[in-house]
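Q: Residues in the sequence shown are numbered consecutively from 7, following the working numbering.
In this text, a Cβ means the ideal position worked out from N, Cα and C, and glycines have one as well.
Next up is a structure, given as structure tokens.
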Amino acid sequence: MRILVTGGAGFLGSHLCEVLVKADHEVLCLDNFFTGSKRNIYHLLDFKNFEILRHDIINPIDVEVDQIFNLACPASPIFYQFNPVRTIQANVLGVTNMLELAKRTKARILQASTSEVYGDPQIHPQREDYWGYVNPIGVRSCYDEGKRVAESLMMDYYRQNKVDIKIVRIFNTYGPRMAVNDGRVVSNFIVQALKGEDITVYGNGDQTRSFCYISDMILGLISMMNLEDFIGPVNLGNPSEFTILRLAEKVIKLTKSKSRINFKSLPSDDPSRRQPDITLAKSRLAWVPRIEIDEGLERTIEYFKRII
Ligand code: NAD
Ligand code: UDP
Numbered sequence: 007m008r009i010l011v012t013g014g015a016g017f018l019g020s021h022l023c024e025v026l027v028k029a030d031h032e033v034l035c036l037d038n039f040f041t042g043s044k045r046n047i048y049h050l051l052d053f054k055n056f057e058i059l060r061h062d063i064i065n066p067i068d069v070e071v072d073q074i075f076n077l078a079c080p081a082s083p084i085f086y087q088f089n090p091v092r093t094i095q096a097n098v099l100g101v102t103n104m105l106e107l108a109k110r111t112k113a114r115i116l117q118a119s120t121s122e123v124y125g126d127p128q129i130h131p132q133r134e135d136y137w138g139y140v141n142p143i144g145v146r147s148c149y150d151e152g153k154r155v156a157e158s159l160m161m162d163y164y165r166q167n168k169v170d171i172k173i174v175r176i177f178n179t180y181g182p183r184m185a186v187n188d189g190r191v192v193s194n195f196i197v198q199a200l201k202g203e204d205i206t207v208y209g210n211g212d213q214t215r216s217f218c219y220i221s222d223m224i225l226g227l228i229s230m231m232n233l234e235d236f237i238g239p240v241n242l243g244n245p246s247e248f249t250i251l252r253l254a255e256k257v258i259k260l261t262k263s264k265s266r267i268n269f270k271s272l273p274s275d276d277p278s279r280r281q282p283d284i285t286l287a288k289s290r291l292a293w294v295p296r297i298e299i300d301e302g303l304e305r306t307i308e309y310f311k312r313i314i
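Below you can see the structure in the form of structure tokens.
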């Protein structure tokens, strides 16, 4: 199949491209290299079935494809808040452009949505039928509301134009190829611990997240793309939930670091709890995450040891 991966040079996108290339698909990796890096995909350049296209999805594009994984959007709060208007545009103009392409080529399109559509959730764990609790005017809104509009657009193209869509709500995912300066918690803590710098815990660290290892996530995305008669939305994530303070302690222990914890102020609208209910993914995709946090952290630590 001819598969377009937008955001293909990013963290998730580069792993996805790798699996698709090795499965012998024709893979077109599209990226504007805002947060992605050529280094993430260098090793794929020798494959004849892999191509790179520098392009911003805010602008229309016309290529022949059978499937589109739409991942193009900065995912780290630091980067999506750097130019919030561009973040909204990627999710409104960019998603519209990808849907128009899917409509013309009759390609199936999968949208990388996010647990952020639930905002600071008032029900726990989060199920797909929960509508969320989102601040529409805060600093995270460009991403949260952008991704919510993206889901609306997907549904409207499905209802109005019969576009073949899939919506996946991705919960916090981590692993090798996160950028050193990405700013998200797992990469920050590992880099700080390896460099012997203070570990920056925002707030008192009692907010929770549930972390999924990259290889589990990629299998879930591909299973969803290839499943018939189910458009989602479906949660994908690892339900094992713990506090950010506990994550900091784990990273210090696994890296045998002498770093100390430095508590910093909590960014505004930082969700206090987050855990996916993955009942739907289990029953429809027969998907469950397999990699436990300690193993995933060890693999990620090995990666950062090599590159910093
Ligand atoms: P990332 O920042 O590593 O990757 C995003 C990629 O998209 C980068 O390569 C970037 O250069 C590219 N990009 C950004 N805007 C673009 C544009 N307008 N046109 C073309 N390319 C553009 O982030 P990631 O963690 O790999 O996330 C990938 C997708 O998954 C994002 O849509 C994100 O919202 C979603 N997601 C990720 C997580 C996670 O925990 N990793 C959680 C929820 C949702
Ligand atoms: N966080 C932290 N220190 C950091 C980076 C993040 O304590 O150096 C916290 C952040 O406040 C949030 C959690 O870790 O509560 C997850 O943050 P991340 O940016 O990784 O993802 P998101 O908030 O989008 O889930």
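Return the bridge partner residues of Arg-252 from the DSSP annotation.
A: For Arg-252, which the question treats as bridged, DSSP gives no partner whatsoever.
Q: State the DSSP-derived secondary structure class of Leu-59, mapped to helix, strand or coil.
A: Strand, per DSSP.
Q: Residues bridged to Cys-218 by DSSP?
A: Thr-179.
Q: Report the residue ranges of all alpha helix (DSSP H) runs contained in full by the segment 125-195; include only those spanning at least 4 residues, in chain order.
A: The segment 125-195 contains these whole alpha helix (DSSP H) runs: 147-167.
Q: Identify whether Cys-79 lies in helix, strand or coil by the three-state DSSP scheme.
A: Reduced to three states, the DSSP call for Cys-79 is coil.
Q: For Gln-87, I'd like the list of residues in its chain whose CB is within less than 6 Å of its CB, leaving aside the five on either flank, ordered along the chain.
A: So the list reads Val-145, once near-sequence residues are dropped.
Q: Please write down, chain order preserved, every residue whose beta carbon lies under 7 Å from a heavy atom of the ligand UDP.
A: Answer in sequence order: Ser-82, Pro-83, Glu-122, Asn-178, Gly-189, Arg-190, Val-191, Val-192, Asn-194, Phe-195, Thr-206, Val-207, Tyr-208, Gly-209, Gly-211, Gln-213, Arg-215, Ile-250, Leu-272, Pro-273, Asp-276, Pro-277 and Arg-280.
Q: Based on DSSP bridge pairs, tell me the residues matched to Ile-317.
A: A query on residue 317 cannot be resolved here, the shown segment of the chain reaching from 7 to 314 and no further.
Q: If you drop the 5 nearest sequence neighbours on each side, which residues of the same chain put their C-beta closer than 8 Å to that of Tyr-136?
A: Within the same chain, Tyr-136 has close Cβ partners Tyr-124, Pro-127 and Ile-129.
Q: For Asp-275, which residues from the same chain have a beta carbon less than 6 Å from its beta carbon, with the 5 sequence-adjacent residues on both sides left out?
A: Answer for Asp-275: Asn-141, Gly-144 and Arg-146, listed in chain order.
Q: Determine the extent of the alpha helix (DSSP H) in which Lys-109 is found, giving its start and end residues.
A: Element bounds for Lys-109: 101-111.
Q: Does the ligand NAD have even one heavy atom less than 7 Å from the beta-carbon of Phe-85?
A: Checking the Cβ of Phe-85 against the ligand NAD gives yes.
Q: Give the secondary structure of Ala-118 by DSSP, where H, G and I count as helix, E and B as strand, and everything else as coil.
A: In this structure, Ala-118 counts as strand in the three-state DSSP scheme.
Q: Between Ile-258 and the rest of its own chain, which residues show a CB-CB distance below 7 Å, the 5 nearest in sequence each way excluded?
A: Ala-199, Ile-205 and Ser-265, listed in sequence order.
Q: Taking only three categories from DSSP, how would you classify Thr-261?
A: In the structure shown, Thr-261 sits in a helix (DSSP, three-state: H, G or I).
Q: Can you tell me whether Pro-127 sits near the ligand NAD, meaning its C-beta is under 7 Å from at least one heavy atom of the ligand?
A: Outside the cutoff, so no.
Q: Just to check, is the beta-carbon of Asp-204 closer than 7 Å to a non-hydrogen atom of the ligand NAD?
A: The answer is no for Asp-204.
Q: Is Leu-77 near the ligand NAD, with its Cβ less than 7 Å from a heavy atom?
A: Flag set: Cβ of Leu-77 near the ligand NAD.
Q: Buried or exposed: which applies to Ile-224, given that a residue is buried once 16 or more other Cβ atoms fall within 10 Å of its Cβ?
A: Flag for Ile-224 reads buried.
Q: Buried or exposed for Phe-310, please, with buried defined as at least 16 other CB atoms from any protein chain shown within 10 angstroms of its CB.
A: Buried, by the Cβ-count rule.
Q: State the DSSP-derived secondary structure class of Phe-236, mapped to helix, strand or coil.
A: Here Phe-236 sits in coil by DSSP.
Q: Okay, do the segment 243-262 and the segment 41-52 touch, 3+ Cβ pairs below 8 Å being the bar?
A: The answer is no - the segment 41-52 does not touch the segment 243-262, with fewer than three Cβ pairs under 8 Å.
Q: What is the DSSP secondary structure of Asp-312, counted as helix, strand or coil?
A: A small fix is needed here, since residue 312 is Arg in this sequence, not Asp. Note: Arg-312 maps to helix in three-state DSSP.
Q: What is the DSSP secondary structure of Phe-40, counted as helix, strand or coil?
A: Three-state DSSP puts Phe-40 in coil, outside helix and strand.
Q: Mind checking Lys-3: buried by the 16 CB within 10 Å criterion, or exposed?
A: As displayed, the chain neither begins before 7 nor continues past 314, which places residue 3 out of reach and without an answer.
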